[in-house]
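What follows is a set of notes on a single structure, which appears directly below.
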Amino acid sequence: MKTIDLAESSIRELNQALHDQAQECLEREFEVLNPKGQHNIACGIDQNLSVDIRGHAGYFCAGMNKKAHVVIHGNAGQGVAENMMSGTVRVKGDASQAAGATAQGGLLVIEGNAGARCGISMKGVDIVVKGSVGHMSCFMGQSGSLVVCGDAGEALGDSLYEVHIYVKGEVKSLGADCVEKEMRPEHIEELTELLNRAGVDEDPASFKRYGSARQLYNFKVDNASAY
Amino acid sequence: MSNDINVNPGLRESATFDRTTMAEIRRAADTGIYDIRGFGAKRKLPHFDDLLFLGASMSRYPLEGYREKCNTQVTLGTRFAKKPIVIETPVTIAGMSFGALSANAKEALGRGASIVGTSTTTGDGGMTPEERGQSSKLVYQYLPSRYGMNPDDLRKADAIEVVLGQGAKPGGGGMLLGQKITDRVAQMRNLPKGIDQRSACRHPDWTGPDDLAIKIQELREITDWQVPIYIKVGATRTYYDVKLAVKAGADVIVVDGMQGGTAATQDVFIEHVGIPTMAAIPQAVQALQEMGMHRKVQLIVSGGIRNGADVAKCMALGADAVAIGTAALVALGCNDPKWSAEYEKIGSAAGFYDDYQEGKDPAGISTQDPNLMQRLDPVEGGRRLANYLRVLTLEAQTLARACGKNDLRNLEPEDLVALTVESAAMARVPLAGTSWIPGQGF
Chain A
100 MKTIDLAESS
110 IRELNQALHD
120 QAQECLEREF
130 EVLNPKGQHN
140 IACGIDQNLS
150 VDIRGHAGYF
160 CAGMNKKAHV
170 VIHGNAGQGV
180 AENMMSGTVR
190 VKGDASQAAG
200 ATAQGGLLVI
210 EGNAGARCGI
220 SMKGVDIVVK
230 GSVGHMSCFM
240 GQSGSLVVCG
250 DAGEALGDSL
260 YEVHIYVKGE
270 VKSLGADCVE
280 KEMRPEHIEE
290 LTELLNRAGV
300 DEDPASFKRY
310 GSARQLYNFK
320 VDNASAY
Chain B
43 MSNDINVNPG
53 LRESATFDRT
63 TMAEIRRAAD
73 TGIYDIRGFG
83 AKRKLPHFDD
93 LLFLGASMSR
103 YPLEGYREKC
113 NTQVTLGTRF
123 AKKPIVIETP
133 VTIAGMSFGA
143 LSANAKEALG
153 RGASIVGTST
163 TTGDGGMTPE
173 ERGQSSKLVY
183 QYLPSRYGMN
193 PDDLRKADAI
203 EVVLGQGAKP
213 GGGGMLLGQK
223 ITDRVAQMRN
233 LPKGIDQRSA
243 CRHPDWTGPD
253 DLAIKIQELR
263 EITDWQVPIY
273 IKVGATRTYY
283 DVKLAVKAGA
293 DVIVVDGMQG
303 GTAATQDVFI
313 EHVGIPTMAA
323 IPQAVQALQE
333 MGMHRKVQLI
343 VSGGIRNGAD
353 VAKCMALGAD
363 AVAIGTAALV
373 ALGCNDPKWS
383 AEYEKIGSAA
393 GFYDDYQEGK
403 DPAGISTQDP
413 NLMQRLDPVE
423 GGRRLANYLR
433 VLTLEAQTLA
443 RACGKNDLRN
453 LEPEDLVALT
463 VESAAMARVP
473 LAGTSWIPGQ
483 GF
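Protein chains in written order, with our numbering: chain A, 100 to 326; chain B, 43 to 484.
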């Protein structure tokens with residue numbers, strides 16, 4: 100394992116060391132010390148690495164991640180795992196707003212709570228939040244799955260496309276064109292698999308499913324009041 | 043009785059309720075929905091035609107047009123990037139999406155730009171292999187929708203343009219209507235085929251200039267600080283926007299005036315939001331100069347640039363380069379009279395066609411219809427665009443030499459005068475024949 104102490108090294112040096120593994124992988128395990136909320140830690144990785152960040156991370160930690168497995172042993176700032184393509188990002192603490200924004204693949208697990216707009220414009224990622232999510236989560240979500248084991252804030256799934264949303268707790272309100280849907284066996288199966296991948300012990304049968312009513316997919320003047 | 047005013051001169055059309063206005067009222071009453079269209083602002087605006095160059099005479103030496111060199115090469119992104127972009131002519135191709143435009147049109151833009159050694163730009167639909175393959179210098183747009191955004195394409199780009207807005211619709215998002223969403227467009231955008239694809243007006247994971255500074259750092263980290271980062275804004279509060287963009291860490295700032303085009307936006311937005319390109323440039327230059335960053339952070343301006351005179355005037359006002367969109371499409375064949383009969387079939391006319399959102403473009407440019415797309419040969423289109431870019435460059439050089447300048451960037455506001463009081467005030471150059479610049483004393 101290679102240890103990089105951000106008290107002594109810069110973010111640039113850290114990221115370059117991680118990026119260098121894409122060409123020739125000389126080291127698969129990295130440990131990052133003293134992150135102290137710095138931004139852009141471990142973004143742009145393109146290799147099957149294991150990266151443990153010992154502390155809190157700032158904005159865009161593990162942004163655009165490909166293949167790597169990143170664990171933040173603390174809280175994560177805005178836009179954690181934004182536009183992730185593949186791999187896994189796990190936040191041991193809470194995550195700020197826009198967690199997993201526009202992410203296209205992989206798995207994002209937040210063991211604490213997530214702030215507003217969790218999964219905004221998500222494009223294929225699977226997100227599992229053990230706690231609750233803030234308002235406007237999954238806004239304009241396109242595809243993938245969002246699992247919330249706690250509660251969801253206002254306007255969940257506003258202007259949703261094809262994301263599958265599962266919430267165990269209360270939903271304060273649903274956004275435009277987001278509706279509760281029947282939980283069929285294939286959804287129980289999908290949710291079970293998601294919870295297993297995330298290592299979360301919850302009963303899939305205790306969740307409700309939400310999705311797009313698909314009424315706003317094509318602009319109709321009769322829907323003007325919904326906008 | 044005839045309603046021809048030449049036969050009945052007593053008939054008087056209202057300047058307020060003219061025929062276009064009344065037609066729009068009737069259209070609104072028929073449909074109950076606002077008009078969405080492409081193109082840019084069509085109303086008459088203060089523009090570069092209102093400026094003139096003061097050619098050299100006794101007090102200035104002109105340069106010989108066929109003997110003495112006038113440099114057109116510009117380097118963009120010298121502030122932080124390890125690999126700045128060098129363009130041979132300061133006329134670049136603005137961002138236009140695959141989706142809004144056909145793959146052939148995008149390829150033609152790349153070919154034309156590459157022939158003359160300038161850059162072209164992706165759009166709100168990601169980077170296509172055709173475009174990357176045919177573009178020697180490709181700017182990759184980073185947009186709020188993030189359609190097709192991925193780190194592999196990010197690293198293939200020669201520059202990254204963070205788009206905050208565009209001149210046709212500052213503060214607005216976009217809409218690609220369902221009829222243009224083919225399988226390929228849908229796949230690239232990760233959305234179902236045939237639905238209206240909304241593009242957000244704000245970025246999903248940052249708000250404000252302080253966040254943007256962190257976002258730019260992220261993009262630099264992902265690309266190992268190799269390529270320039272542009273920030274594009276629609277022209278509104280340009281002075282402040284440019285200052286904030288410099289503070290956020292931009293290498294290059296793109297200011298798009300309200301004459302800039304769009305693929306699909308509400309007409310009311312196109313015609314009533316933003317400021318003219320000419321008015322935006324002095325604001326941007328003032329902001330850069332006050333920060334000591336003029337020429338260090340390069341300025342690209344766009345919006346209604348049609349000829350070499352427009353290019354030269356932008357440069358004289360302080361721009362480092364310009365970008366063209368609508369004019370490039372016209373060079374490819376958009377609104378060409380050879381398709382007159384086809385335009386009439388869809389209720390339009392050559393020279394007036396602006397319904398890019400419908401995907402029925404007879405010229406095969408703003409469409410995804412396979413039959414229409416074939417009408418545009420990307421090789422021939424590229425050649426036509428290259429010809430046009432060469433003419434813009436030659437014209438701009440001609441004017442610069444006449445002003446005694448051996449580099450387009452040596453043109454300066456002192457070389458210009460204005461024909462109207464409003465253009466003098468906006469461009470901050472004297473009214474012709476006077477030393478009066480409105481707003482700058484008597």
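C-beta: ideal position from N, C-alpha, C; glycine also.
Listed by chain order, chain D residues near residue i by CB distance under 7 Å
i, result
"A:Lys307", "Included in the structure are the protein chains A and B, with no chain D among them."
Residue i to residue j span [Cα, whole Å]
i, j, result
"B:Phe122", "B:Ile264", "14 Å"
"B:Gln208", "B:Gly167", "16 Å"
"B:Pro420", "B:Arg226", "19 Å"
"A:Leu148", "B:Val158", "43 Å"
"A:Glu301", "B:Pro412", "50 Å"
"B:Asp457", "B:Thr476", "14 Å"
"B:Gly215", "B:Asn48", "45 Å"
"B:Val116", "B:Ile127", "8 Å"
"A:Arg127", "A:Met100", "7 Å"
"B:Met320", "B:Val459", "13 Å"
"B:Gly175", "B:Lys198", "11 Å"
"A:Ser109", "A:Gly173", "20 Å"
"B:Gly383", "A:Ser311", "Inspection of the sequence shows that residue 383 of chain B is occupied by Ala rather than by Gly. Approximately 43 Å between the Cα atoms of the pair."
"B:Cys356", "A:Leu125", "51 Å"
"B:Lys211", "B:Lys84", "14 Å"
"B:Lys387", "B:Cys376", "16 Å"
"A:Leu293", "A:Val227", "8 Å"
"B:Val471", "B:Asn349", "20 Å"
"B:Phe59", "B:Ala65", "9 Å"
"B:Val463", "B:Ala474", "9 Å"
"A:Gln177", "B:Asp298", "29 Å"
"B:Ser465", "B:Asp352", "14 Å"
"B:Cys243", "A:Cys277", "21 Å"
"A:Arg296", "B:Pro132", "53 Å"
"B:Gln482", "B:Gln325", "14 Å"
"B:Ser177", "B:Arg61", "44 Å"
"A:Asn317", "B:Pro234", "11 Å"
"B:Thr160", "A:Ala304", "59 Å"
"B:Arg153", "B:Arg425", "8 Å"
"A:Ser195", "B:Thr63", "49 Å"
"B:Met415", "B:Leu219", "17 Å"
"B:Leu254", "B:Thr307", "26 Å"
Whole-number beta carbon distance between residue j and residue i, since they are thought to touch under 8 Å
i, j, result
"A:Val203", "A:Met235", "The question names Val, yet the displayed sequence has Gln at residue 203 of chain A. About 20 Å; that fails the 8 Å criterion."
"B:Thr224", "B:Gln399", "About 15 Å; that fails the 8 Å criterion."
"A:Gly214", "A:Gly233", "5 Å"
"B:Ser390", "B:Gly367", "In fact, because the Cβ distance is near 20 Å, the residues do not count as touching under 8 Å."
"B:Ile347", "B:Ala369", "6 Å"
"B:Lys179", "B:Asp200", "5 Å"
Contact set for residue i: own chain, Cβ-Cβ below 6 Å, skip 5 residues either direction
i, result
"B:Phe81", "Gly303, Asp396"
"A:Ile103", "Leu113, Val131"
"B:Asp247", "none"
"B:Arg102", "Gly446"
"A:Cys217", "Ala198, Val232, Ser236"
"B:Gly97", "Ala444"
"B:Cys112", "Gln439, Ala442, Arg443, Asn448"
"A:Glu261", "Ser242"
"B:Ala365", "Thr134, Ala136, Ile342, Ser344"
Exposure of residue i, with buried meaning 16 or more beta-carbon neighbours within 10 Å
i, result
"A:Cys248", "buried"
"B:Pro186", "buried"
"B:Ile202", "buried"
"A:His155", "buried"
"B:Val433", "exposed"
Same chain, Cβ closer than 7 Å to residue i, neighbours up to 5 away in sequence not counted
i, result
"B:Arg417", "Ala405, Gly406"
"A:Ala116", "Ile103"
Close Cβ partners of residue i (< 8 Å) along its chain, the five nearest in sequence each way excluded
i, result
"A:Thr201", "Glu181, Asn182, Ile219, Ser220, Met221, Lys222"
"A:Gln137", "Leu105, Ile110, Ala156, Gly157"
Margin query: In chain order, what are the residue ranges of uninterrupted beta strand (DSSP E) at least 3 long that sit wholly in the segment 353-422 of chain B?
Written below: 363-366
Checklist line | Segments of 3+ residues assigned as beta strand (DSSP E) that fall wholly inside the segment 292-335 of chain B | finding: 294-298, 304-308
Check: Mind pulling the beta strand (DSSP E) runs of 3 or more residues that sit fully within the segment 167-233 of chain B?
Finding: 180-184, 201-205, 216-218
Checklist line | Complete runs of the beta strand (DSSP E) confined to the segment 135-203 of chain A [at least 3 residues] | finding: Counting only unbroken stretches of 3 or more residues, the beta strand (DSSP E) elements lying wholly within the segment 135-203 of chain A are 149-153, 168-171, 187-190, in sequence order.
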